[in-house]
Amino acid sequence: MATKHEDGTLATRQEQKLKPPPMYQVFLLNDDYTPMEFVVAIIQEYFNKDREAATQIMLKVHREGKGMCGVYPKDIASTKVELVLTHARKAGHPLQCVMEEA
Numbered sequence: 003m004a005t006k007h008e009d010g011t012l013a014t015r016q017e018q019k020l021k022p023p024p025m026y027q028v029f030l031l032n033d034d035y036t037p038m039e040f041v042v043a044i045i046q047e048y049f050n051k052d053r054e055a056a057t058q059i060m061l062k063v064h065r066e067g068k069g070m071c072g073v074y075p076k077d078i079a080s081t082k083v084e085l086v087l088t089h090a091r092k093a094g095h096p097l098q099c100v101m102e103e104a
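Taking my numbering, the leading residue of the sequence shown gets 3, the next gets one more, and so forth.
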């Protein structure tokens, strides 16, 4: 679409194409100290998974070293990581939670 100005110049408006925000995967990492039941509870509370799904993620963390809990925009992923780390530290567990760009 073009607009003509009084001085005879022509201005064109270009459509801006918005890209979706980059997404980040949130992972829990295995350690030898955090109880499995605590990990399941964390997954249920902070990632809104049912008990069965949370148990499957916990087992993946236990067997493979890390398990993905969800994919979120950067701000949400960062907040979830901080909430999990804070909860784990208050409970005295060394559970690690990290985010990686998807």
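Ideal Cβ positions, reconstructed from N, Cα and C, are used throughout, including at glycine.
- Residue environment for residue 88: exposed (fewer than 16 other C-beta atoms within 10 angstroms of its C-beta).
- In the structure shown, residue 17 falls within a coil segment according to DSSP collapsed to helix, strand and coil.
- Using a Cβ distance threshold of 8 Å, residue 31 and residue 67 count as a contacting pair.
- Taking all protein chains in view, the Cβ of residue 69 is crowded by 16 or more other Cβ atoms within 10 Å, so the residue is classified as buried.
- Inclusion of residue 26 and residue 76 in the CB contact set at 8 Å is warranted, their separation being smaller than that value.
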